[in-house]
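*Asks:*
Protein chains: 2
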Amino acid sequence: MPTIRNVAERAGVAPITVSRVINDSGYVSEETRARVEAAIAELRYVPNTLARSLRSRKTGLLALIVTDITNPFFTTIARGVEDVANEHGFSVILCNTDENEDKQIDYLTVLLQKRVDGFLFVPARSTPESVQLIQRQNVPVVVIDRQISGVEVDVVRGDSEQGAYELVNLLLSLGHRRIGMLSGPETISTAAQRVAGYRRALAEAGVDRDAALVYCGAYTQEGGYQTTQQALSATPRPSALFAANNFIAMGAFRALREAGLSVPEDVALVCFDEAPQSAMIEPFLTVAAQPAYEMGRQATDLLLARLSGEALQACQEIVFPVEIIARKSCGSVQP
Amino acid sequence: MPTIRNVAERAGVAPITVSRVINDSGYVSEETRARVEAAIAELRYVPNTLARSLRSRKTGLLALIVTDITNPFFTTIARGVEDVANEHGFSVILCNTDENEDKQIDYLTVLLQKRVDGFLFVPARSTPESVQLIQRQNVPVVVIDRQISGVEVDVVRGDSEQGAYELVNLLLSLGHRRIGMLSGPETISTAAQRVAGYRRALAEAGVDRDAALVYCGAYTQEGGYQTTQQALSATPRPSALFAANNFIAMGAFRALREAGLSVPEDVALVCFDEAPQSAMIEPFLTVAAQPAYEMGRQATDLLLARLSGEALQACQEIVFPVEIIARKSCGSVQP
DNA sequence: CTGTTAGCGCGTTCAG
DNA sequence: CTGAACGCGCTAACAG
Chain A
2 MPTIRNVAER
12 AGVAPITVSR
22 VINDSGYVSE
32 ETRARVEAAI
42 AELRYVPNTL
52 ARSLRSRKTG
62 LLALIVTDIT
72 NPFFTTIARG
82 VEDVANEHGF
92 SVILCNTDEN
102 EDKQIDYLTV
112 LLQKRVDGFL
122 FVPARSTPES
132 VQLIQRQNVP
142 VVVIDRQISG
152 VEVDVVRGDS
162 EQGAYELVNL
172 LLSLGHRRIG
182 MLSGPETIST
192 AAQRVAGYRR
202 ALAEAGVDRD
212 AALVYCGAYT
222 QEGGYQTTQQ
232 ALSATPRPSA
242 LFAANNFIAM
252 GAFRALREAG
262 LSVPEDVALV
272 CFDEAPQSAM
282 IEPFLTVAAQ
292 PAYEMGRQAT
302 DLLLARLSGE
312 ALQACQEIVF
322 PVEIIARKSC
332 GSVQP
Chain B
2 MPTIRNVAER
12 AGVAPITVSR
22 VINDSGYVSE
32 ETRARVEAAI
42 AELRYVPNTL
52 ARSLRSRKTG
62 LLALIVTDIT
72 NPFFTTIARG
82 VEDVANEHGF
92 SVILCNTDEN
102 EDKQIDYLTV
112 LLQKRVDGFL
122 FVPARSTPES
132 VQLIQRQNVP
142 VVVIDRQISG
152 VEVDVVRGDS
162 EQGAYELVNL
172 LLSLGHRRIG
182 MLSGPETIST
192 AAQRVAGYRR
202 ALAEAGVDRD
212 AALVYCGAYT
222 QEGGYQTTQQ
232 ALSATPRPSA
242 LFAANNFIAM
252 GAFRALREAG
262 LSVPEDVALV
272 CFDEAPQSAM
282 IEPFLTVAAQ
292 PAYEMGRQAT
302 DLLLARLSGE
312 ALQACQEIVF
322 PVEIIARKSC
332 GSVQP
């Protein structure tokens, strides 16, 4: 593969002149520019980003680390990230940890070695170690979706507590009193906050505290399937279920179906996050929707601001409101 | 960020000795190794991959370019690719072109500049230019899923023609004679081959050639929605539809539903590729399934073989058989 | 407007 | 077992 020097020789100029043509920096006469461009074309010269980055100490790479690449919530965030990044000339490396801390640390290590310019990070757990690993190398990082305790760091997330509160209030207003909560892993802040919102709504409604039926599982279809089976064995059986995310809701739906129960006639079902587009032919689930695309955009804006050195003030926490979208799955009459 | 030299100074050795410790190459006494490792830990030294790659002329990066990252067919391939790549110490950069040739060329350019070691490539069109772009830089490339005319290149793909043939034969055996084909873009080899298989089955069954009802659209839900509407307006209306991929089938399903037709009672529906897991609570669609994961693995094996210089023989074309999985959507009685 | 010098961080080559 | 010198391909800094 030809180098900048080969091009320079062919065009009869110095390497730096070729560099100027490529990067459109500094002055180059039209005539020599033409000669250089001809040489580039003839040699099919492709600049070497590695060398460029080594010199400039910038890679133009952002790392986006998510915990489940099959979840449209995260892929929608990814689109927001990509769009903003591309608008500013950055590329995005998308990595999937599957909520696995070992994979997470492997990715962080590799990405630091690759000298990415910054991280957009959905951590697998709400503990500070992983973020500190990044910060100690003085690489900017914005945490998305989840809160981390014990570190100063920028965070962009949805309002899990309030969303859960409103969603459960909706169920209460429809007359439900036994509402099961299908939660996610206790180690993740969003799960904890959604449980908190659930409890607040129940408390305000004066529902007996013992009526709080919380079941924790993974943020997956399988997790939702299992916790739903637990929830259904309670007596009396819950008349409504609140799934802490979309995949849990999919699993719940399957478990309900297998139990011969239909939604919303036998059991009402609501959840956090929009379901996959392909999930149902028509919109069906009542959800607390987060503005995922916008969250991705804002997180990237914030990261780029840190990168450009401006706005070196204290860390920010940007909390997006969630939107309750009532559809058929919650029913509309008293159970 | 500390460099290898900083570590060397701190440990009281030469940079090369640190290099030997990191890469476990050459001889280093236990004692100095310990000193070096201590220095690495204290300084939180992270080796710079950029510099390493510049020197070694290897990045350890494979590019995987697909046309639709939301399609589980491609994400399953991606898993196969990632697994094999990781087993051999390579990382994978996953890029999504959305069947857009401009995006495709942008990605190719950037990835060549990044000096990825090789390409796994699902081309947006079955024309040779994009592959030639890669080959002219002497970078190995394996094409996945689609055939390219006019170039010598390794290809790993499913047997579209035979799969379509068998799928249509299944419909014929169930008594269908008016079978509409919801095809993909004519510029893509898989669409053309699936149409060919469809025609062969009809011809062998002695179905009137005029009865070939082929409608071309995008390989998307929207494409399937539109072509289905066209297909339904034919008189007499087709009794069965064959969707050229899973997303087309999703769109067909929606269009049928809106037209007040149910599957399989009013219209039978079959398609190429498995549908998204979340699409239906229970398996429902009759499909021609390609071994996507295995295709990803084999393609990567082949690419890595080319990379290691071995097996420099002629280009290979590996064609996987597809598996017909009959489920409810095709019905089981004469229409 | 163009060129020279030097060095980014690392690993290969060859000496000790 | 350890080190010095050099260069991978490119560009910042400084001439001219």
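First to last, the sequence lines map onto chains A and B.
Just so we're aligned: 51 in my numbering is position 50 of the first sequence, and the numbers increase by one with no gaps anywhere.
Just so we're aligned: 150 in my numbering is position 149 of the second sequence, and the numbers increase by one with no gaps anywhere.
Ideal placement from N, C-alpha and C gives every residue a C-beta, glycine not left out.
1) Assuming A:A206 is part of the alpha helix (DSSP H), what are its boundary residues?
2) With distance defined between alpha-carbon atoms, name the residue in A:P277, A:Y216, A:M296 and A:L262 nearest to A:V288.
3) For B:D327, tell me which candidate among B:D302, B:A269 and B:Y294 has the shortest Cα-Cα distance.
4) On the DSSP bridge assignment, give the partners of B:A64 in chain order.
5) Short check: CB of A:R137 to CB of B:L51, under 8 angstroms?
6) Hey, how far is the Cα of B:S184 from the Cα of A:Q105?
7) Is the shortest distance between the beta-carbon of A:M182 and the beta-carbons of chain B less than 8 angstroms?
8) Within 10 angstroms of its Cβ, does A:I94 collect 16 or more other Cβ (buried), or is it exposed?
9) Is the beta carbon of A:E38 less than 8 angstroms from the beta carbon of A:V14?
10) Please work out which residues of its chain come closer than 6 angstroms, Cβ to Cβ, to A:G198, disregarding the five sequence neighbours upstream and downstream, and give them in chain order.
11) At a CB distance below 9 angstroms, what residues from the stretch 3-14 of chain A approach chain B? Give them in sequence order.
12) Enumerate in chain order the residues of its own chain whose CB-to-CB distance from B:Q335 is below 8 angstroms, with the five nearest sequence positions on each side excluded.
13) By a C-beta neighbour count over all protein chains shown, 10 Å radius and 16 as the cutoff for buried, is A:P322 buried or exposed?
14) Can we say the stretch 215-228 of chain B touches the stretch 251-259 of chain B, given the rule of at least three CB pairs closer than 8 angstroms?
15) Taking B:L112 as part of the alpha helix (DSSP H), name the residues at either end of that continuous run.
16) Closer than 8 angstroms by beta-carbon distance: list the chain A residues that pair up with B:K115, in chain order.
17) DSSP on B:V271, reduced to helix/strand/coil?
18) Starting from A:E83 and walking both ways along the alpha helix (DSSP H), at which residues does that stretch end?
19) Look up A:G159 in the DSSP assignment and say whether it is helix, strand or coil.
20) Would B:G151 be called buried (16 or more neighbouring beta carbons within 10 Å of its own) or exposed?
21) Specify the secondary structure class of B:A276 as computed by DSSP and reduced to three states.
22) Which same chain residues, not among the five before or five after A:R11, have their C-beta less than 6 angstroms away from its C-beta?
23) Could you tell me which of B:I78, B:D69, B:V169 and B:V47 sits nearest to B:M296, measuring between CA atoms?
24) Compare the beta carbon distance of A:R200 and A:A219 with 8 angstroms and say whether it is the shorter of the two.
25) I'd like to confirm the pairing. Which residues does DSSP put opposite A:Y216 in its beta bridges?
26) In terms of residue numbering, what span does the beta strand (DSSP E) encompassing B:A300 cover?
27) Between which two residues does the alpha helix (DSSP H) holding B:V152 run?
28) Buried or exposed for A:C1, going by 16 or more other Cβ atoms inside 10 Å?
29) Can you tell me which residues form a DSSP beta bridge with A:A197?
30) Below 8 angstroms between beta carbons: does that hold for A:D100 and A:D69?
31) With 16 other CB atoms within 10 Å as the buried threshold, where does A:N87 fall?
32) Quick one: does A:Q138 have its CB under 8 angstroms from some CB of chain B?
33) Nearest CA to the CA of B:T191: which residue from B:L55, B:Q291 and B:R307?
34) Counting only runs of 3+ residues fully inside the stretch 217-244 of chain B, write out the beta strand (DSSP E) ranges in chain order.
35) So, is the C-beta of B:S234 closer than 8 angstroms to a C-beta in chain A?
*Replies:* On the basis of the data shown:
1) Here residue 206 of chain A corresponds to residue number 205 of the first sequence, with the count starting at 1. Premise fails: A:A206 is in no alpha helix (DSSP H) and is neither H nor E.
2) Position 287 of the first sequence, counting from 1, holds the residue named residue 288 of chain A. When only C-alpha atoms are compared, the closest one is A:P277.
3) Stepping through the second sequence from its first residue, residue 327 of chain B is reached at position 326. It is Ala, not Asp, that sits at residue 327 of chain B in the sequence shown. Measuring from the Cα of B:A327, the nearest candidate turns out to be B:A269.
4) Taking the second sequence and counting its residues from 1, the one referred to as residue 64 of chain B is at position 63. Partner(s): B:I94 and B:F120.
5) As a working mapping, residue 137 of chain A is identified with position 136 in the first sequence. As a working mapping, residue 51 of chain B is identified with position 50 in the second sequence. Their beta carbons are not under 8 angstroms apart, which means A:R137 does not touch B:L51 by this criterion.
6) In the second sequence, the residue the question calls residue 184 of chain B occupies position 183. In the first sequence, the residue the question calls residue 105 of chain A occupies position 104. Roughly 41 angstroms between the two C-alpha positions.
7) Along the first sequence, read from residue 1 onward, the residue named residue 182 of chain A stands at position 181. No, no contact with chain B.
8) On the first sequence, residue 94 of chain A is found 93 positions in, with the first residue counted as 1. The residue is buried, with at least 16 neighbouring Cβ atoms inside 10 Å.
9) Walking along the first sequence from the start, residue 38 of chain A turns up at place 37. Walking along the first sequence from the start, residue 14 of chain A turns up at place 13. No, the pair does not count as a contact, with Cβ atoms beyond the cut-off.
10) Within the first sequence, residue 198 of chain A is the residue found at index 197, counting from 1. Taken in chain order, the residues that qualify are E162, A165 and Y166.
11) none
12) Position 334 of the second sequence, counting from 1, holds the residue named residue 335 of chain B. Any reading at B:Q335 must be qualified, since the residue scores a pLDDT of 39, below 50, and its modelled position is unreliable; no value is offered.
13) Residue mapping note: residue 322 of chain A aligns to position 321 of the first sequence, counting from 1. A:P322 is exposed by the Cβ-count criterion.
14) yes
15) To locate residue 112 of chain B, count along the second sequence from 1; it is residue 111. Taken as a continuous stretch (DSSP letters only), the alpha helix (DSSP H) holding B:L112 covers E102 to Q114.
16) On the second sequence, residue 115 of chain B is found 114 positions in, with the first residue counted as 1. Simply T50 and L51.
17) As a working mapping, residue 271 of chain B is identified with position 270 in the second sequence. B:V271 falls in the strand class under three-state DSSP.
18) In the first sequence, the residue the question calls residue 83 of chain A occupies position 82. Where A:E83 is concerned, the enclosing alpha helix (DSSP H) stretches over P73 to E88.
19) Walking along the first sequence from the start, residue 159 of chain A turns up at place 158. Strand, per DSSP.
20) Translated into positions along the second sequence, residue 151 of chain B becomes position 150. With fewer than 16 other Cβ atoms within 10 Å, it is exposed.
21) Start at 1 with the first residue of the second sequence, and residue 276 of chain B comes out as number 275. In this structure, B:A276 counts as coil in the three-state DSSP scheme.
22) The residue given as residue 11 of chain A occupies position 10 in the first sequence. Here the set comprises A40.
23) As a working note, residue 296 of chain B is residue 295 in the second sequence. Checked all of B:I78, B:D69, B:V169 and B:V47; the closest Cα to B:M296 is B:I78.
24) Here residue 200 of chain A corresponds to residue number 199 of the first sequence, with the count starting at 1. Here residue 219 of chain A corresponds to residue number 218 of the first sequence, with the count starting at 1. No, Cβ-Cβ distance for A:R200 and A:A219 is not below 8 angstroms.
25) Counting from one through the first sequence, the residue named residue 216 of chain A turns up at place 215. Partner(s): A:L183.
26) As a first step, residue 300 of chain B must be located in the second sequence, where it is residue number 299. First-last for B:A300: A293 to L308, but that is the alpha helix (DSSP H), not the beta strand (DSSP E).
27) To locate residue 152 of chain B, count along the second sequence from 1; it is residue 151. No alpha helix (DSSP H) contains B:V152, which DSSP labels as neither H nor E.
28) With chain A covering 2 to 336 only, the question about residue 1 of chain A has no answer from this structure.
29) To locate residue 197 of chain A, count along the first sequence from 1; it is residue 196. Paired residue(s): none; A:A197 is not in a bridge.
30) Position 99 of the first sequence, counting from 1, holds the residue named residue 100 of chain A. Position 68 of the first sequence, counting from 1, holds the residue named residue 69 of chain A. In the sequence under discussion, the amino acid at residue 100 of chain A is Glu, which differs from the Asp named in the question. Yes, Cβ-Cβ distance for A:E100 and A:D69 is below 8 angstroms.
31) Sequence index remark: in the first sequence, residue 87 of chain A carries index 86 (1-based). Result: exposed.
32) Locating residue 138 of chain A in the first sequence gives position 137, where the first residue counts as 1. So, interface residue.
33) Numbered from its first residue, the second sequence carries residue 191 of chain B at position 190. The shortest C-alpha separation from B:T191 is found at B:Q291.
34) 241-244
35) Position 233 of the second sequence, counting from 1, holds the residue named residue 234 of chain B. So no, B:S234 is outside the interface.
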